[in-house]
Amino acid sequence: MFDALSERLNSVFRGLRGRGKITEENVSEVMREIRTALLEADVNLEVARAFCDEVQQKAIGAEVIKTLRPADMMVKIVHDELVRLMGPVDPKIPFISPGPTILLMAGLQGSGKTTTCGKMAKLLLARAKRPLMVAADLKRPAAIDQLEVIGQQVGTPVYTERDQQNAVKVCRNGIAQARKTDRDVVILDTAGRLAVDEEMMDEVARIATTTNPQQIYLVLDAMTGQDAVNTARVFNQRLELDGIILTKFDSDTRGGAALSVKHVTGKPIKFVGIGEKMEAIEEFYPDRIAGRILGMGDILTLVEQAQRQYDQEEAAKLEAKMASGKFALDDFLVQLRKMRQMGSMKDLIKKIPGMGDMMGDMDLDEGEIVRMEAAIQSMTPKEKANPKIVDASRRRRIARGAGCDPSDVSQLVKQFEPMRNMMKAMSGQSLPQRLKMGMQFSKAMAGGGLPRLKGSSTASRRSLSKKDRRKRRKR
Amino acid sequence: MGLFDRLKNGLSHTRKKVSASFRSVLRIGKKIDQDTINRLEDAMLTADFGPATTQKLVDVVRSGWKKGEIVEEQEVTDYLVRHIVAMWPESDRRIHFAESGPTVILVSGINGSGKTTSVAKLGHYFTNQGKHVILGACDTFRAAAVEQLSIWSERIGVQIVKHDQGADPGAVAYDACEAATARKADVLLIDTAGRLHTQDHLMRELGKIQRVVEKKIPGAPHEVLLVLDATIGQNAVNQARQFSEHVSVTGIFLAKLDGSAKGGIVVGIRDQLNVPVKFVGLGETPDDVEPFDPGTFIKAMFAD
Ligand SMILES: Nc1nc2c(ncn2[C@@H]2O[C@H](COP(=O)(O)OP(=O)(O)OP(=O)(O)O)[C@@H](O)[C@H]2O)c(=O)[nH]1
Ligand SMILES: [Mg+2]
Numbered sequence: 000m001f002d003a004l005s006e007r008l009n010s011v012f013r014g015l016r017g018r019g020k021i022t023e024e025n026v027s028e029v030m031r032e033i034r035t036a037l038l039e040a041d042v043n044l045e046v047a048r049a050f051c052d053e054v055q056q057k058a059i060g061a062e063v064i065k066t067l068r069p070a071d072m073m074v075k076i077v078h079d080e081l082v083r084l085m086g087p088v089d090p091k092i093p094f095i096s097p098g099p100t101i102l103l104m105a106g107l108q109g110s111g112k113t114t115t116c117g118k119m120a121k122l123l124l125a126r127a128k129r130p131l132m133v134a135a136d137l138k139r140p141a142a143i144d145q146l147e148v149i150g151q152q153v154g155t156p157v158y159t160e161r162d163q164q165n166a167v168k169v170c171r172n173g174i175a176q177a178r179k180t181d182r183d184v185v186i187l188d189t190a191g192r193l194a195v196d197e198e199m200m201d202e203v204a205r206i207a208t209t210t211n212p213q214q215i216y217l218v219l220d221a222m223t224g225q226d227a228v229n230t231a232r233v234f235n236q237r238l239e240l241d242g243i244i245l246t247k248f249d250s251d252t253r254g255g256a257a258l259s260v261k262h263v264t265g266k267p268i269k270f271v272g273i274g275e276k277m278e279a280i281e282e283f284y285p286d287r288i289a290g291r292i293l294g295m296g297d298i299l300t301l302v303e304q305a306q307r308q309y310d311q312e313e314a315a316k317l318e319a320k321m322a323s324g325k326f327a328l329d330d331f332l333v334q335l336r337k338m339r340q341m342g343s344m345k346d347l348i349k350k351i352p353g354m355g356d357m358m359g360d361m362d363l364d365e366g367e368i369v370r371m372e373a374a375i376q377s378m379t380p381k382e383k384a385n386p387k388i389v390d391a392s393r394r395r396r397i398a399r400g401a402g403c404d405p406s407d408v409s410q411l412v413k414q415f416e417p418m419r420n421m422m423k424a425m426s427g428q429s430l431p432q433r434l435k436m437g438m439q440f441s442k443a444m445a446g447g448g449l450p451r452l453k454g455s456s457t458a459s460r461r462s463l464s465k466k467d468r469r470k471r472r473k474r
Numbered sequence: 000m001g002l003f004d005r006l007k008n009g010l011s012h013t014r015k016k017v018s019a020s021f022r023s024v025l026r027i028g029k030k031i032d033q034d035t036i037n038r039l040e041d042a043m044l045t046a047d048f049g050p051a052t053t054q055k056l057v058d059v060v061r062s063g064w065k066k067g068e069i070v071e072e073q074e075v076t077d078y079l080v081r082h083i084v085a086m087w088p089e090s091d092r093r094i095h096f097a098e099s100g101p102t103v104i105l106v107s108g109i110n111g112s113g114k115t116t117s118v119a120k121l122g123h124y125f126t127n128q129g130k131h132v133i134l135g136a137c138d139t140f141r142a143a144a145v146e147q148l149s150i151w152s153e154r155i156g157v158q159i160v161k162h163d164q165g166a167d168p169g170a171v172a173y174d175a176c177e178a179a180t181a182r183k184a185d186v187l188l189i190d191t192a193g194r195l196h197t198q199d200h201l202m203r204e205l206g207k208i209q210r211v212v213e214k215k216i217p218g219a220p221h222e223v224l225l226v227l228d229a230t231i232g233q234n235a236v237n238q239a240r241q242f243s244e245h246v247s248v249t250g251i252f253l254a255k256l257d258g259s260a261k262g263g264i265v266v267g268i269r270d271q272l273n274v275p276v277k278f279v280g281l282g283e284t285p286d287d288v289e290p291f292d293p294g295t296f297i298k299a300m301f302a303d
């Protein structure tokens, strides 16, 4: 599994190891090789391209940490991008009560649905559930027998209707049977179908609307080619998938489907099948897979350590500047950029006791930050160090350079001074205390410009998703 | 319906996809330039030709362009088709029949690739040619595999030799050969359990089945077909290579070509391995099988 891709990537990194530093030129050379490696691994062309663009951007924009070799830095960047490409994943099954919780398995012919049903039943039994399997593949000869044999193997009852032609009815009756016999999870095994087979796609869509499953899984062969993701896309359009179960992951697939499917469908892989035995199923963790692809755990640790070290040093430098009041607009810009990189900062802050309430529904305005950045970049070093010298003519020049209004510039300048003072006051305080002060300051400034915090749309987003959920339940 | 139309229908999706992407790549009235080559490369990659084969074919087009053999983008399709079709000589695709006694065809492949259905299709195909066919149910491993083949044997009206699930597949092969000889069958089709090419003990088991057949009927197996799922990517090449190490693979049955959005893998396999494609599967009924014909196939794939 992944061996071939690992090898290719490793040789790319080895090639980079001889180079002094990451330049735009040698990165794009490396990226071409990575792209070929990905294509050889059946990664969807679209995905390979997006992945390489992302890695290239990150590599060129990466902070130069002197203690690190550029090749190692590159390994880390590729690793993180791989993780991002496949995640995030939450493989938990949302059980409902009263049950039964319904799981639907759909997919192409021969992808491994029936076997996966048995594996899932076994997994559920281990979690103290009482599953029932429903044989709704009425198409393939002996498919019902196959599920019955598997049911016996894993000690799970199977609901069958031998003379039935209508798979939707079988599913409905199977669920009724589960209620009667006090089974709390129902696993629906459906016939294999091509994404281009309208009639059969209609059938599975009808099964989904009638039974309203808590989880709809697409069972996908890990060895599928460029087409895999197109298939997944069509299934997702018709079924609103919750996740993907990748089978035959124990093969020597180079992992194209594993790497592509999340990017294209937006739905993550939740489980992987790793053998023919009924216990051969695992939850899917992108970081483990990325680790296996690159197989360079030691380098990753090294890079992470160096990065932590670097961050600490930077923080110490900043601290000193803040304390001495020498914090300039330049430094502010660096901080702004860091904040934008850390999309999850808000969530982080919220975890600090007492901070959650204060954050409320506020958010940093992305557009505002971009305008501030532009304005700061249009200033001369002198102006950045001492914004007080910005007069009307300088203001006009800066505004012209940044493409903003002169009044925006004056606001930025006006509010920088109190901020610098606050920073000076803040230095030496504990982190929560500091954040608290920061928030108060921001609140005071809100509506007035600098780090403007404004009412975010989180609230409305939340209610929307609730509505969505309700809509889904009704289906 | 003629063969061309059947293929065209079966491949309608492939065709739409491929020719749509090729048509947007190759525009009428536009001269070939570097950009043409780049776009052609992308189109082939997404059609599962694989990077190595794509590179080769792109080079073919590039040199044709440099030499002035092709000038306009609209000439590229025909040029390519001529080159791809030339990769499959006629002798390549013929079925080897036994001079006397039963012709034994061993069918292998990974799990779910379409072996059992393909055995049924071939049984039907040879029966239609007036041959006396027997099936051997050597998948004694997968749940209800024997039942599955039994149902097919009834549907297509041929005899089947089977044991219970869990029996030794070698013993089934032995009995099947014996029955085929005794009953004077023309063709014995042996279905085997799906196995990943990476599972060494299972691959050795397959080798054992072949040796049983070799011993029972001199010259057998006359064909060892590897069933490949057409939706598979570059891994198909690995499969073909690994199976060939354990059994003497003589050809490929490319199943589920009705579902593959693109058919480029066929070209890739032919280019990288010396194993020809002999049949294609185009659906789920016993009728949905065709001997592979590269000209028809490629033309249907590229036809507007
Ligand atoms: N659309 C389409 N489906 C096919 C084709 N050939 C086989 N199938 C389907 O693929 C699925 C698996 O086929 P099988 O013949 O059982 O595959 P197998 O290789 O014998 O499977 P195992 O014995 O379990 O390894 C079934 O649902 C078949 O109907 C084909 O050419 N086109
Ligand atoms: Mg089979």
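In the order they appear, the protein sequences are chains A and B.
Mapping of the first sequence onto numbering that gives the first Met the number 0: residues 0 to 474, in sequence order.
Mapping of the second sequence onto numbering that gives the first Met the number 0: residues 0 to 303, in sequence order.
Heads up, the beta-carbon is just placed ideally off N, CA and C, and yes, glycines get one too.
Proximity test, Cβ basis, 8 Å: residue i and chain B
i          : result
Asp-144(A) : yes
Leu-44(A)  : yes
Ser-250(A) : yes
Met-222(A) : yes
Gly-342(A) : Confidence at Gly-342(A) is low in this model, with a pLDDT of 45, below 50, so its placement is unreliable and the value that follows should be read with caution. So no, Gly-342(A) is outside the interface.
Glu-39(A)  : yes
Ile-149(A) : yes
Arg-253(A) : yes
Asn-9(A)   : no
Thr-35(A)  : yes
Chain A within 8 Å of residue i, Cβ atoms only
i          : result
Thr-146(B) : The sequence as given places Glu at residue 146(B); Thr does not occur at that position. Judged by the 8 Å Cβ criterion, Glu-146(B) is in contact with chain A.
Glu-289(B) : no
Pro-101(B) : no
Asp-228(B) : yes
Leu-225(B) : no
Ile-268(B) : no
Ala-142(B) : yes
Asp-47(B)  : yes
Leu-195(B) : yes
Ser-369(B) : Because chain B spans 0 through 303 in this model, residue 369(B) falls outside it and cannot be assessed.
Beta-ladder partner(s) of residue i, from DSSP
i          : result
Glu-282(A) : Phe-270(A)
Gly-108(B) : Val-226(B)
Met-132(A) : Val-157(A) and Ile-186(A)
Gly-250(B) : Leu-224(B)
Leu-15(A)  : Answer is none; Leu-15(A) lacks a bridge partner.
Residue i, enclosing alpha helix (DSSP H) - first and last residue
i          : result
Ser-90(B)  : Here Ser-90(B) belongs to no alpha helix (DSSP H), and DSSP marks it neither H nor E.
Glu-39(A)  : 23-39
Lys-383(A) : 380-384
Asn-165(A) : Element bounds for Asn-165(A): n/a, residue is neither H nor E.
Lys-121(A) : 112-125
Asp-34(B)  : 33-45
Beta strand (DSSP E) segment containing residue i, residue limits
i          : result
Val-276(B) : 276-280
Gln-158(B) : 158-160
Pro-290(B) : 288-290
Thr-284(B) : Looking at the DSSP string, Thr-284(B) is not in any beta strand (DSSP E), and its letter there is neither H nor E.
Thr-100(A) : 100-106
Would you call the segment 196-203 of chain B and the segment 113-128 of chain B in contact, with 3 or more CB pairs under 8 Å?
no
Only counting runs of 3 or more residues, tell me where the beta strand (DSSP E) segments fall wholly within the segment 189-265 of chain A, in order along the chain.
214-220 and 242-246
Taking contact to mean 3 or more Cβ pairs, one atom from each stretch, closer than 8 Å, check whether the segment 44-61 of chain A and the segment 24-35 of chain A are in contact.
yes
Three or more C-beta pairs under 8 Å: does that hold for the segment 138-147 of chain B against the segment 228-244 of chain B?
no
Decide yes or no for the touch test of the segment 76-86 of chain A against the segment 250-264 of chain A: beta carbon pairs closer than 8 Å, at least 3 of them.
yes
Which full runs of the beta strand (DSSP E) of 3+ residues lie inside the segment 131-185 of chain B, going along the chain?
132-137 and 158-160
Assess contact between the segment 157-176 of chain A and the segment 224-231 of chain A, defined as three or more Cβ pairs (one per stretch) separated by less than 8 Å. Is contact present?
no
Please confirm if the segment 211-222 of chain B is in contact with the segment 31-49 of chain B, defined as three or more CB-CB distances below 8 Å between the two stretches.
no
Is there contact here, the segment 102-118 of chain B with the segment 184-191 of chain B, by at least three beta-carbon pairs under 8 Å?
yes
Can you find at least 3 beta carbon pairs, one from the segment 204-212 of chain A and one from the segment 114-126 of chain A, that sit closer than 8 Å?
no
Any chance the segment 403-416 of chain A sits against the segment 310-325 of chain A, with 3 or more Cβ pairs inside 8 Å?
no
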